Amino acid sequence: MSEGIGASVKRKEDKKFLTGKGKYTDDINRPGQVYAHFVRSDVAHANIKSINTKAASQAAGVVAVYIGEDVAADGIGGPICGWVVPNRDGSATHEPPHPLLAQGKVRFVGDAIAVVIAESVEQAKSASELVEVDYEELPAVANLETASSGAEIHEGMKENRYFDWELGDEAATDKALQSAAKVVKLSVRNNRLIPNAMEPRSALAEYDDLGGSYTLHTTSQNPHLARLILAAFMFQIPESKLRVIAPDVGGGFGSKIYVYIEEAVCIWSSKKINRPVKWTADRTQSFLTDAHGRDHINNVQLALDESNKIIGLRVDTVCNLGSYLSAFAVAVPTYLHGTLLSGLYDIPTIYTNVKGMATTTAPVDAYRGAGRPEATYLLERTMDAAAREVGMDQAEFRRLNFIPKDAFPYQTAVALQYDTGDYEPNLDKAMEMIDYKSFEARRSEASKRGKYRGIGVSSYIEACGLAPSAVAGALGGRVGGWESASVRVDPTGTVTVFSGAHSHGQGHATTFSQIVSERLGIPNANVEFVHGDSDKTPFGMGTYGSRSLAVGGVALSKALDKVVEKSKKIAAHLMEASAEDVEFKDGKFTVAGTDKETAFGDVALAAYVPHNYPLETLEPGLEETAFYDPMNFTYPAGTHIAEVEVDPATGVVEIVDWAACDDFGNLINPMIVEGQVHGGIAQGIGQALLENAHYDENGQLLTASYMDYCMPRADDLPSFKVECTNTPCTHNDLGVKGCGEAGAIASPPALINAIINALSPLGVSDMSMPATPETVWRAIQNAQARAAE
Amino acid sequence: MEIKESYDLPLPIETVWQALNDEGFLKNSIPGCEKLERISPNELSAEVKLKIGPMSTRFKGKVNLSDLNPPNGYTISGSGTGGIAGAASGSAKVFLSKMEDGEGTILSYQVKAEVKGKIAQLGSRLIHSTAKKLAKKFFSNFVQELSK
Chain A
1 MSEGIGASVK
11 RKEDKKFLTG
21 KGKYTDDINR
31 PGQVYAHFVR
41 SDVAHANIKS
51 INTKAASQAA
61 GVVAVYIGED
71 VAADGIGGPI
81 CGWVVPNRDG
91 SATHEPPHPL
101 LAQGKVRFVG
111 DAIAVVIAES
121 VEQAKSASEL
131 VEVDYEELPA
141 VANLETASSG
151 AEIHEGMKEN
161 RYFDWELGDE
171 AATDKALQSA
181 AKVVKLSVRN
191 NRLIPNAMEP
201 RSALAEYDDL
211 GGSYTLHTTS
221 QNPHLARLIL
231 AAFMFQIPES
241 KLRVIAPDVG
251 GGFGSKIYVY
261 IEEAVCIWSS
271 KKINRPVKWT
281 ADRTQSFLTD
291 AHGRDHINNV
301 QLALDESNKI
311 IGLRVDTVCN
321 LGSYLSAFAV
331 AVPTYLHGTL
341 LSGLYDIPTI
351 YTNVKGMATT
361 TAPVDAYRGA
371 GRPEATYLLE
381 RTMDAAAREV
391 GMDQAEFRRL
401 NFIPKDAFPY
411 QTAVALQYDT
421 GDYEPNLDKA
431 MEMIDYKSFE
441 ARRSEASKRG
451 KYRGIGVSSY
461 IEACGLAPSA
471 VAGALGGRVG
481 GWESASVRVD
491 PTGTVTVFSG
501 AHSHGQGHAT
511 TFSQIVSERL
521 GIPNANVEFV
531 HGDSDKTPFG
541 MGTYGSRSLA
551 VGGVALSKAL
561 DKVVEKSKKI
571 AAHLMEASAE
581 DVEFKDGKFT
591 VAGTDKETAF
601 GDVALAAYVP
611 HNYPLETLEP
621 GLEETAFYDP
631 MNFTYPAGTH
641 IAEVEVDPAT
651 GVVEIVDWAA
661 CDDFGNLINP
671 MIVEGQVHGG
681 IAQGIGQALL
691 ENAHYDENGQ
701 LLTASYMDYC
711 MPRADDLPSF
721 KVECTNTPCT
731 HNDLGVKGCG
741 EAGAIASPPA
751 LINAIINALS
761 PLGVSDMSMP
771 ATPETVWRAI
781 QNAQARAAE
Chain B
790 MEIKESYDLP
800 LPIETVWQAL
810 NDEGFLKNSI
820 PGCEKLERIS
830 PNELSAEVKL
840 KIGPMSTRFK
850 GKVNLSDLNP
860 PNGYTISGSG
870 TGGIAGAASG
880 SAKVFLSKME
890 DGEGTILSYQ
900 VKAEVKGKIA
910 QLGSRLIHST
920 AKKLAKKFFS
930 NFVQELSK
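Chains as they are written, first to last, in my numbering: chain A, 1 to 789; chain B, 790 to 937.
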């Protein structure tokens, strides 16, 4: 069986993880290590009148207690914002400082005020209870709707607004709305989510006073980026004096992209006390302080002509970015959201305005899908509402408005240019998989059992593979979007790949090996994958935005090109032929038109034992590095269809069937792709049915444990039907697009549309997320009360 | 969260009012109160041991008497911090009125409670029922003390 591209080989890394042999940051211990525990604000918004650390400093086992003043005295800066956008009036995004430890003010429950460092975790925790903080409480700003009139959170920031951004042609869009035969209006809320990676965030920092350098082990999706931000911007030390290692990382979903204050405090204090400092979040701290996701309110207006074709779209969005601007908080609701508003549809004019608001809640940033789920949700909910209003079948209304296959490359009204796509086959396939045409018979059968059955469609597109650096730069991004890979061929022909991407569950060790196996004709077992260590791998941008394969995999492919090119020259020398005549296939070099051949291993050996080698024209060794910056995003697209049954007596929604047909371009490992789709759908179902981060009016997070924050479990999920179509990406060597976020992007609107479809006979036309039994039951009761009036 | 209740007491309004301003009576009435000392005419310091859901915590804080309208009522409010468990605060508006027979007194109250920190994060589901229970306990203790 082939182990190369397209083979569903089992994951190499699973044995380690399934047998509990993974090595995570908290598993690593250093001699003399001490433990940090943070004293956190239990009020949402307050001035700090005084902090008394005396008793804590004298408690058993305490090594040091530090507060904001200590950080300020050493001039250490806080986390920085990695992307900014211009305001409508031309002014810049407001970027308030985010101190490592509070400087006179706290802005959310969980804001760090002091750090207590002790010989044991228990001693640090006990001593932290002795830190006395005297607050002058200020009104909390917990509600997104009223944030602009709330108490000032950051000095000089008007109306608690970080930015007020727009994209598209407002005049043309408003004209389309005025001239439309029909305008469909919808207001939706994208509920706030908490990432809940299985492994909590953790950091272990060590200072080497002889070399004046630091080593940080941390839970990061992008160790090089973390190093750059920490060294150059926060500590202002030479970047080469900081090594960042992200060992095994147990899930990120976006929440581990950013540099958080905790790892910076560990680095800083490790030098101050000259001992390694470890911190690991407990689950409550994760709930309180990991960057949350989503939290948008979108007002949508869709203009249709007489033939039900879309002629314009306007979306006005207010989004909650929390107490401080996290690294990519600004990019998520703007360039990762506004640019996706055309969806799969041919929309001549689009305008969007996004207001990014501060509240006294945890910072909000990218979470699986990051902006694209919000765009897809509002658009697909609106498409559904529009189909209902004009009396068309939901699938056929979408089909009517799809960008036609022959229109690619397609320039949207919101900046992106889709290179390729063919959307009808995905819709057709998903409809066939779920037997769409027989749905009404199933609905009637269910109604005999007293259940309301519904079917919901969601057709999505996403922009993956962050990013063309030039585009990102022009749009306010402060980092590049390329990726790197090195391929080291050993003398015996085994290979080690050093990648700038980072695996925290995605299976890079397997897929990247498959690319090597395919290209060099060697077994997967002969390929090792090294990642996550700034001292070992070439500088890379890490893993997020479904970019590992589409950018990092292509970088690997380009490094392999260089290996093959050099190998051919070596092989030509060994076979006494001209390099142009040498062909390489299945691990063998041959000379066209002759029976001469030499194996890849022989070439590798010759490169390192160059007894018979063209040393005057060719360097010995066989190790190549490539950096790859894409020309465009990639555009995975597809259709998901959900089928549900609702019990009107209890409001319980049962998902009875799910069909997903996605176009991810070429697949390296279909099994891993299917797993990604499953996981993504599960997360989307979590958002649609179960999960919600709830702050009360005082800014207290009431959903800070699994008792109150409901994650999806196996018994909440159906067996998914997953298939793929393939229009290969036109602008990368592998023709791949990215699959990591698609499920989470496509699924919430499919499910909510299905619930509305089920309950529409009762007069239900709207449903908010999460559609808990209570929410659904109330919607039914309200609809019945309206009908009775 | 607000809770409203009322009691009929077979005692004159002045007696009830005095008791409401007597720290001995209050100490015996506040559930879990281990210490209550007057530090100014309308301010008392308190230590109260409470169990909310899974957490048992000793709160240190202050009790304030305000909106004094003798003998018709006042607002008694308390706030305290319970270390790592977070903080809790609550207030009760107490209204006294003569019963129609002129002998007894109707005591009614409205309670508001707020919690912060870990109690809010882990026990918010339990706050309403706990506050209701504690308020009820306070006033039933109070009535019991008065009847002694």
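We put the beta carbon where it would ideally sit given N, CA and C, even for glycine.
These figures come from a predicted structure and were not determined experimentally.
Inset, instruction - Would you verify that the beta carbon of Leu-911 (chain B) is, or is not, closer than 9 Å to some beta carbon of chain A? - result: To locate residue 911 (chain B), count along the second sequence from 1; it is residue 122. Closer than 9 Å to some Cβ of chain A, the Cβ of Leu-911 (chain B) qualifies, so yes.
Inset, instruction - Return the residues of the stretch 875-903 of chain B that lie within a Cβ-Cβ distance of less than 7 Å from chain A, sorted by chain order. - result: Residues of the stretch 875-903 of chain B with a C-beta atom less than 7 Å from some C-beta of chain A are Gly-875, Ala-876, Glu-903, listed in chain order.
Inset, instruction - Determine the extent of the beta strand (DSSP E) in which Lys-49 (chain A) is found, giving its start and end residues. - result: As a first step, residue 49 (chain A) is located in the first sequence; it is residue number 49 there, counting from the start. Lys-49 (chain A) -> beta strand (DSSP E) spans 46-52.
Legend entry - Spatially closest choice to Gly-338 (chain A) from A:Pro-373, A:Gly-150, A:Ala-604, by CA coordinates: Within the first sequence, the letter at position 338 stands for residue 338 (chain A). Per the Cα distances, A:Pro-373.
Inset, instruction - Please state whether DSSP places Ser-41 (chain A) in a helix, a strand or coil. - result: Taking the first sequence and counting its residues from 1, one reaches residue 41 (chain A) at position 41. Of the three classes helix, strand and coil, the one that applies to Ser-41 (chain A) here is coil, per DSSP.
Inset, instruction - Identify each residue in the stretch 32-65 of chain A for which the Cβ-Cβ distance to at least one residue of chain B is less than 7 Å, and report them in chain order. - result: Listed in sequence order: Asp-42, Val-43.
Inset, instruction - Check the DSSP bridge columns for Val-582 (chain A) and list the partner residues they point to. - result: To locate residue 582 (chain A), count along the first sequence from 1; it is residue 582. Answer is A:Val-591.
Inset, instruction - Can you give me the Cβ contacts of Phe-539 (chain A) inside the same chain, cut-off strictly under 8 Å, excluding the 5 residues immediately before and after it? - result: Within the first sequence, numbered from 1, the residue matching residue 539 (chain A) stands at position 539. Once the five neighbours on either side are set aside, the close Cβ partners of Phe-539 (chain A) are His-224, Ser-484, Gly-500.
Inset, instruction - Answer with yes or no whether the minimum CB distance from Glu-122 (chain A) to chain B is below 9 Å. - result: What you label residue 122 (chain A) is simply residue 122 of the first sequence in a count that begins at 1. Glu-122 (chain A) does not count as touching chain B.
Inset, instruction - Determine which residues of the stretch 274-304 of chain A have a Cβ less than 8 Å from any Cβ of chain D, and write them out in chain order. - result: No chain D appears in the structure shown, which is made up of the protein chains A and B.
Inset, instruction - Examine chain B for any beta-carbon lying closer than 9 Å to the beta-carbon of Met-707 (chain A), and answer yes or no. - result: On the first sequence, position 707 is the one that residue 707 (chain A) refers to. Under the Cβ criterion of 9 Å, Met-707 (chain A) is counted among the residues facing chain B.
Legend entry - Selection of the stretch 128-149 of chain A by Cβ proximity to chain B, strictly under 8 Å: Only Ser-128, Glu-129 from the stretch 128-149 of chain A bring a Cβ to less than 8 Å from some Cβ of chain B.
Legend entry - Where Asn-831 (chain B) falls: helix, strand or coil (DSSP): If you number the second sequence from 1, residue 831 (chain B) lands on position 42. Three-state DSSP puts Asn-831 (chain B) in coil, outside helix and strand.
Legend entry - Proximal residues, the stretch 904-936 of chain B versus chain A, C-beta separation under 8 Å: Here the close residues are Val-904, Lys-905, Gly-906, Lys-907, Ala-909, Gln-910, Leu-911, Ser-913, Arg-914.
Legend entry - Between the CA atoms of Ala-385 (chain A) and Gly-391 (chain A) - distance to the nearest angstrom: Looking up residue 391 (chain A) in the first sequence gives position 391. Looking up residue 385 (chain A) in the first sequence gives position 385. One C-alpha to the other measures close to 10 Å.
Inset, instruction - Over the uninterrupted alpha helix (DSSP H) stretch that includes Gln-899 (chain B), give me the two end residues. - result: Locating residue 899 (chain B) in the second sequence gives position 110, where the first residue counts as 1. Run containing Gln-899 (chain B): none in the alpha helix (DSSP H); it sits in the beta strand (DSSP E), 894-905.
Legend entry - Alpha-carbon spacing of Asn-753 (chain A) relative to Lys-558 (chain A), whole angstroms: The residue given as residue 753 (chain A) occupies position 753 in the first sequence. The residue given as residue 558 (chain A) occupies position 558 in the first sequence. Counting only the Cα atoms, Lys-558 (chain A) lies some 43 Å from Asn-753 (chain A).
Legend entry - 6 Å CB neighbourhood of Val-39 (chain A) in its chain, flanking five on each side removed: Residue mapping note: residue 39 (chain A) aligns to position 39 of the first sequence, counting from 1. Excluding sequence positions up to five before and after Val-39 (chain A), its CB lies within less than 6 Å of the CB of Ile-113, Ala-114, Ser-128, Val-131, all in the same chain and listed in chain order.
Inset, instruction - Compare the C-beta of Asn-698 (chain A) with all C-beta atoms of chain B and state if any pair is closer than 9 Å. - result: Walking along the first sequence from the start, residue 698 (chain A) turns up at place 698. Using a Cβ-Cβ cut-off of 9 Å, Asn-698 (chain A) counts as an interface residue toward chain B, since at least one Cβ of chain B sits closer than that to its own.
Inset, instruction - Report buried or exposed for Tyr-460 (chain A), applying the criterion of at least 16 other Cβ atoms within 10 angstroms of its Cβ. - result: What you label residue 460 (chain A) is simply residue 460 of the first sequence in a count that begins at 1. Per the 10 Å Cβ criterion, buried.
Inset, instruction - Please list, in chain order, all residues of the same chain as Phe-589 (chain A) whose beta carbon is under 6 Å from its beta carbon, the five residues on each side excluded. - result: By 1-based counting over the first sequence, the position of residue 589 (chain A) is 589. Cβ neighbours of Phe-589 (chain A) beyond the five flanking positions: Ala-571, Val-582, Thr-598.
Inset, instruction - Check distances from the C-beta atoms of the stretch 838-854 of chain B to those of chain A and list, in chain order, the residues that come in under 8 Å. - result: Going along the stretch 838-854 of chain B in chain order, one finds no residue with a Cβ nearer than 8 Å to chain A.
Inset, instruction - Excluding the 5 residues preceding and the 5 following Arg-88 (chain A) in the sequence, name in chain order all residues of the same chain whose CB lies nearer than 6 Å to its CB. - result: Counting from 1 along the first sequence, the entry for residue 88 (chain A) is found at position 88. Contacts found: Asp-164, Glu-166.
Legend entry - Chain-ordered neighbours of Leu-100 (chain A) on chain B, where CB pairs are closer than 9 Å: Here residue 100 (chain A) corresponds to residue number 100 of the first sequence, with the count starting at 1. When 9 Å is used as the limit between beta carbons, Leu-100 (chain A) is near no residue of chain B, the shortest such separation being about 21 Å.
Legend entry - Spatially closest choice to Glu-751 (chain A) from A:Ile-681, A:Thr-725, A:Val-722, A:Arg-778, by CA coordinates: Residue numbering aside, residue 751 (chain A) sits at position 751 when the first sequence is read from its first letter. What sits at residue 751 (chain A) in the sequence shown is Leu, not Glu. Ranking the options by Cα distance to Leu-751 (chain A), first place goes to A:Ile-681.
Inset, instruction - Can you grab the Cα-Cα spacing for the pair Leu-144 (chain A) / Asp-365 (chain A), in whole Å? - result: For the purposes of this step, residue 144 (chain A) is taken as residue 144 along the first sequence, with counting starting at 1. For the purposes of this step, residue 365 (chain A) is taken as residue 365 along the first sequence, with counting starting at 1. Cα-Cα distance, rounded: 15 Å.
Inset, instruction - Mind checking who Tyr-179 (chain A) pairs with in its DSSP beta bridge? - result: Taking the first residue of the first sequence as 1, we reach residue 179 (chain A) at position 179. As written in the sequence, residue 179 (chain A) is Ser, which differs from the Tyr given in the question. Among the bridge pairs identified by DSSP, Ser-179 (chain A) is matched with none.
Inset, instruction - Check whether the Cβ atoms of Pro-670 (chain A) and Ala-550 (chain A) sit closer than 9 Å, and answer yes or no. - result: Within the first sequence, the letter at position 670 stands for residue 670 (chain A). Within the first sequence, the letter at position 550 stands for residue 550 (chain A). No.
Inset, instruction - Answer with buried or exposed for Ile-51 (chain A), where buried requires no fewer than 16 other C-beta atoms within 10 angstroms of its C-beta. - result: Taking the first residue of the first sequence as 1, we reach residue 51 (chain A) at position 51. Result: buried.
Legend entry - Inter-stretch contact at 8 Å, needing at least 3 Cβ pairs: the stretch 467-479 of chain A / the stretch 445-455 of chain A: Two segments are said to touch when three or more pairs of C-beta atoms, one from each, lie closer than 8 Å; by this definition the stretch 467-479 of chain A does not touch the stretch 445-455 of chain A.
Legend entry - Cβ of Ala-114 (chain A) within 9 Å of any chain B Cβ: Position 114 of the first sequence, counted from the start, is the residue given in the question as residue 114 (chain A). No, its Cβ sits nowhere closer than 9 Å to a Cβ of chain B.
Inset, instruction - Can you check DSSP and say which residues form a bridge with Thr-725 (chain A)? - result: Position 725 of the first sequence, counted from the first residue, corresponds to residue 725 (chain A). According to the DSSP secondary-structure assignment, Thr-725 (chain A) is paired through a beta bridge with A:Asp-663.
Legend entry - Under 9 Å between C-beta atoms of Asp-535 (chain A) and Arg-243 (chain A): Here the question's residue 535 (chain A) lines up with position 535 in the first sequence. Here the question's residue 243 (chain A) lines up with position 243 in the first sequence. Cβ distance < 9 Å, so Asp-535 (chain A) and Arg-243 (chain A) count as in contact.
Legend entry - As assigned by DSSP and simplified to three states, the class of Glu-674 (chain A): Taking the first sequence and counting its residues from 1, the one referred to as residue 674 (chain A) is at position 674. In the three-state scheme derived from DSSP, where H, G and I count as helix and E and B as strand, Glu-674 (chain A) is classed as helix.
Legend entry - Terminal residues of the alpha helix (DSSP H) in which Ser-469 (chain A) lies: Start at 1 with the first residue of the first sequence, and residue 469 (chain A) comes out as number 469. For Ser-469 (chain A), the uninterrupted alpha helix (DSSP H) segment begins and ends at 469-474.
Legend entry - Residue of B:Ser-880, B:Ile-895, B:Pro-830 minimising C-alpha distance to Glu-812 (chain B): Walking along the second sequence from the start, residue 812 (chain B) turns up at place 23. The option with the nearest alpha carbon to Glu-812 (chain B) is B:Pro-830.
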